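*Asks:* These protein sequence lines map, in sequence, to chains Y and P. Under this note's numbering, the first residue of the first sequence is numbered 6, with each subsequent residue one higher. Under this note's numbering, the first residue of the second sequence is numbered 6, with each subsequent residue one higher. Just so you know, even glycine gets a beta-carbon here, dropped at the ideal spot from N, CA and C. It should be emphasised that the depicted structure is a prediction, and the values quoted were computed from it without experimental measurement. To start, I am sharing the structure in question, which I have written as structure tokens.
Protein chains: 2
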Amino acid sequence: MSLVVVGSMAFDAIETPFGKSDKIIGGAGTYIAWSASNFCKPIKQISVVGGDFPQEELDKLTARGVVVEGVQIKKDEKTFFWSGRYHMDMNTRDTLETQLNVLENFQPVVPESYQDCDFLMLGNLVPAVQISVIQQLRKRPKLIVMDTMNFWMEIALDDLKNLLTMVDVLMVNDSEARELSHEYSLVKAANKILTMGPKYLIIKKGEHGALLFHGNHVFFAPALPLEDVFDPTGAGDTFAGGFIGHLARTKDISFENMKTAIIIGSAMASFCVEKFGTQRLTEITKADIDARLEEFVQLVNFDIDLV
Amino acid sequence: MSLVVVGSMAFDAIETPFGKSDKIIGGAGTYIAWSASNFCKPIKQISVVGGDFPQEELDKLTARGVVVEGVQIKKDEKTFFWSGRYHMDMNTRDTLETQLNVLENFQPVVPESYQDCDFLMLGNLVPAVQISVIQQLRKRPKLIVMDTMNFWMEIALDDLKNLLTMVDVLMVNDSEARELSHEYSLVKAANKILTMGPKYLIIKKGEHGALLFHGNHVFFAPALPLEDVFDPTGAGDTFAGGFIGHLARTKDISFENMKTAIIIGSAMASFCVEKFGTQRLTEITKADIDARLEEFVQLVNFDIDLV
């Protein structure tokens, strides 16, 4: 049994209304691994970095039970770099610069030791790369979860649609759900997307929480109301890491357990936004996570006797 | 014991991306009364209408247990009229026309038979009118809930601040909470507003649900994800009616019971938006409400064993 995570490992430079970071460690795969490693081991990582990526960052992940055999290091190339600036609402952002670097010709290779994959988390990447990983696995994982973004809907829609037929759970944000379905109502969007392949759809709404759709069922998890959102970068990936980490730990892929997994993902995301980059994720303890989960229980728990 | 409701009774003309209404019955007081009357009787209404307001609308409310002794009928004047147009997101709207008419010089008069008021719901109105009702009550109600809007923050802030010191629960939407507190973060906004008088603050976020703040406690109720939002007019007032109606029925003003009341308010609001104006509220049965409440339980209910 193992959890395989596919995703970028990168450098980010971030500006928010409240501050500005240096060039710091980022990437969907990084956030997912930090988040999921609170819940299960080993995590088998697939990614690519340049010779400029600090070995100590890989070592820190290894120390948490993340296997990096599938992380290609291209010594003579540079790591993927993204810089962006958030608006006052912290829900919208402008990309200032993107340097694809090693991601430009990334050919993922699934190591033999990853063939025991039961849970596969496909972080946001070129759909062709996500497809390649699925195709390299000889045994179909018990659960395949994928994240994607509007960019791929615009330049790789055919691949993306093909990929959708191969996965169990799709994660997108609200505007991406609308773009993919051409429906404004999220309920209508969900109904349409659930005919495109995935049996489960998670729509992330940032500070407004997340919805899980499955058949005619819908579940809602709020985001924790926070005094300050310092840096939203990676919150969605951190959410994904908590979600898949909990499912892989419990080996239970029922709709009921996915509800719990979404709450756990939301709790993890609420830590992520408290500091720049992955900083906060590297600090939190099991006790911090338990306390935060208790806050979620208090946040939504109510008693009702029908009138 | 009684519930007194203060609020406008009006004519509205509404345009949405999906349709356009004739001049139909509206007004905060109308929506609150229709909604609350599912939960408790009598409801003692305070309002003002012109000679053009249909007697049958008052009769329909009377049939539901709404006492209209405190509704002034100014035979030679016209009823308040509002028309507006909603944007595609259904969360923002433009006012096309406002005719204050009878509201311009409205002096509320609390009938002697209303002096047993235990629960007072102050629908959105001029703060001076809301204050006048409180001052006319010889015994301080067990609970005073008020709604207001940004307009009064701009033209009657001193009255509004004075009023805030007299009430228990304030209901505003997210942009109003930000405007009143000069804080962007809703948690910071809530902390500040809770120093201005009210012990409880409800921040309504439309399709994104509602938050209840009290001391260091926070509770979140989602809005039900709907295929179609047909007309959001009155949803906030309908929410208020369900909230105060449940509290008045149960006579329990604990924080725990307010959580339940917010869920009930959210359920009522989810009906309101399904048709133009008060139409849907006049149709629903107890069984409809119970079924909708069960949907809310399903929407947010989860099990968690701390990791």
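Is residue 111/P helix, strand or coil by DSSP?
*Replies:* It is coil, neither helix nor strand.
*Asks:* Residues in the same chain with beta-carbon distance under 7 angstroms from residue 273/P, minus the five sequence neighbours each way, listed in chain order, please.
*Replies:* Closer than 7 angstroms at Cβ, skipping near neighbours: 40, 243, 244, 246 and 247.
*Asks:* For residue 268/P, which residues in chain Y fall below 9 angstroms Cβ to Cβ?
*Replies:* 307 and 309, listed in chain order.
*Asks:* Is any beta-carbon of chain P found at less than 8 angstroms from that of residue 213/Y?
*Replies:* Interface residue, yes.
*Asks:* Give the interface partners of residue 279/P over in chain Y, defined as CB-CB distance under 7 angstroms, in chain order.
*Replies:* Correct list: empty, because the minimum Cβ distance to chain Y is about 13 angstroms.
*Asks:* Work out the CA separation of residue 214/Y and residue 307/P for me, nearest whole Å.
*Replies:* Cα to Cα, residue 307/P sits roughly 15 angstroms from residue 214/Y.
*Asks:* At what residue ranges does the stretch 61 to 89 of chain P contain a whole run of the beta strand (DSSP E), taking only runs of 3 or more?
*Replies:* Entirely contained in the stretch 61 to 89 of chain P, the beta strand (DSSP E) runs reaching 3 residues are, in chain order, 71 to 79.
*Asks:* Would a check of beta-carbon distances place residue 35/P closer than 8 angstroms to chain Y?
*Replies:* Answer no: the Cβ-Cβ gap between residue 35/P and chain Y never drops below 8 angstroms.
*Asks:* May I have the straight-line CA-CA distance separating residue 279/Y from residue 229/Y, to the nearest angstrom?
*Replies:* About 12 angstroms.
*Asks:* Between residue 190/Y and chain P, is there a C-beta pair that is closer than 8 angstroms?
*Replies:* Closer than 8 angstroms: yes.
*Asks:* Check the Cβ-Cβ distances between residue 114/Y and every residue of chain P, and say whether any is below 8 angstroms.
*Replies:* Chain P, which has no Cβ nearer than 8 angstroms to the Cβ of residue 114/Y, makes this no.
*Asks:* Are at least three pairs of beta-carbons, each pair with one atom in the stretch 188 to 198 of chain Y and one in the stretch 155 to 167 of chain Y, less than 8 angstroms apart?
*Replies:* Contact fails: fewer than three Cβ-Cβ distances are below 8 angstroms.
*Asks:* Residue 299/Y lies in the alpha helix (DSSP H); which residues open and close that run?
*Replies:* Residues 291 to 305.
*Asks:* Mind listing which residues of the stretch 219 to 246 of chain P have their C-beta closer than 7 angstroms to chain Y's C-betas, in chain order?
*Replies:* Here the close residues are 223, 224, 225, 227, 230, 231, 232 and 233.
*Asks:* On the criterion of 16 or more Cβ atoms from any shown chain inside 10 Å, does residue 227/Y qualify as buried, or is it exposed?
*Replies:* Flag for residue 227/Y reads buried.
*Asks:* Under 6 angstroms Cβ to Cβ from residue 83/P, same chain only, skipping five residues before and after it: list those, please.
*Replies:* So the list reads 55, 57 and 106, once near-sequence residues are dropped.
*Asks:* Excluding sequence positions up to five away, which residues of its chain have a Cβ less than 7 angstroms from the Cβ of residue 206/Y?
*Replies:* 175, 195, 198, 199 and 218.
*Asks:* What do you get for residue 110/P, buried or exposed, if any count of 16 or more other CB atoms within 10 angstroms of its CB means buried?
*Replies:* That one is exposed.
*Asks:* Excluding the 5 residues preceding and the 5 following residue 220/P in the sequence, name in chain order all residues of the same chain whose CB lies nearer than 7 angstroms to its CB.
*Replies:* So the list is empty, once near-sequence residues are dropped.
*Asks:* At a CB-CB cut-off below 9 angstroms, which residues of chain Y make contact with residue 193/P?
*Replies:* Correct list: 232 and 233.
*Asks:* Please list, in chain order, the chain C residues whose beta carbon lies closer than 7 angstroms to that of residue 8/Y.
*Replies:* In the structure shown, chain C does not exist; the protein chains are Y and P.
*Asks:* Should the stretch 120 to 130 of chain Y be regarded as contacting the stretch 140 to 159 of chain Y, the criterion being three or more beta carbon pairs within less than 8 angstroms?
*Replies:* Because the criterion of three Cβ pairs below 8 angstroms is met, the stretch 120 to 130 of chain Y and the stretch 140 to 159 of chain Y touch.
*Asks:* Is residue 55/P helix, strand or coil by DSSP?
*Replies:* In the structure shown, residue 55/P sits in a strand (DSSP, three-state: E or B).
*Asks:* Which one of 79/P, 19/P and 68/P has the shortest CA to CA distance from residue 101/P?
*Replies:* The candidate whose alpha carbon is nearest that of residue 101/P is 19/P.
*Asks:* Could you give the C-beta distance for residue 13/P and residue 85/P, rounded to a whole number, given that I count them as a contact under 8 angstroms?
*Replies:* The pair is a contact, with the Cβ atoms about 5 angstroms apart (cut-off 8 angstroms).
*Asks:* Check whether the stretch 248 to 258 of chain P and the stretch 292 to 311 of chain P touch, using three or more Cβ-Cβ pairs below 8 angstroms as the test.
*Replies:* Too few Cβ pairs lie closer than 8 angstroms, so no.
*Asks:* Check the Cβ of residue 93/Y against every Cβ in chain P and list those closer than 9 angstroms, keeping chain order.
*Replies:* Ordered by position in chain P, the residues that pass the 9 angstroms Cβ test against residue 93/Y are 189.
*Asks:* Say whether chain P places a C-beta atom closer than 8 angstroms to the C-beta of residue 20/Y.
*Replies:* No, residue 20/Y does not count as interfacial toward chain P.
*Asks:* Which partner residues does residue 150/P have in the DSSP bridge list?
*Replies:* 126/P and 174/P, per the DSSP bridge assignment.
*Asks:* The beta strand (DSSP E) spanning residue 223/Y covers which residue range?
*Replies:* Looking at the DSSP string, the run of the beta strand (DSSP E) that includes residue 223/Y is 222 to 226.
*Asks:* Classify residue 50/P as helix, strand or coil using the three-state DSSP reduction.
*Replies:* Looking at residue 50/P - three-state DSSP - the assignment turns out to be strand.
*Asks:* Residues in the same chain with beta-carbon distance under 6 angstroms from residue 141/P, minus the five sequence neighbours each way, listed in chain order, please.
*Replies:* The answer, listed in chain order, is 115.
*Asks:* Which residues of chain Y have a Cβ atom closer than 7 angstroms to the Cβ of residue 216/P, listed in chain order?
*Replies:* The contacting residues are 230.
*Asks:* Whose C-alpha, out of 104/P, 163/P and 75/P, is nearest the C-alpha of residue 89/P?
*Replies:* Looking at the Cα atoms, 104/P is the closest of the given residues.
*Asks:* May I have the straight-line CA-CA distance separating residue 282/P from residue 91/P, to the nearest angstrom?
*Replies:* When rounded, the distance between both Cα atoms is 13 angstroms.
*Asks:* Distance check for residue 45/P and residue 250/P, CA to CA, integer angstroms please.
*Replies:* If you take the alpha carbons of residue 250/P and residue 45/P, they lie about 6 angstroms apart.
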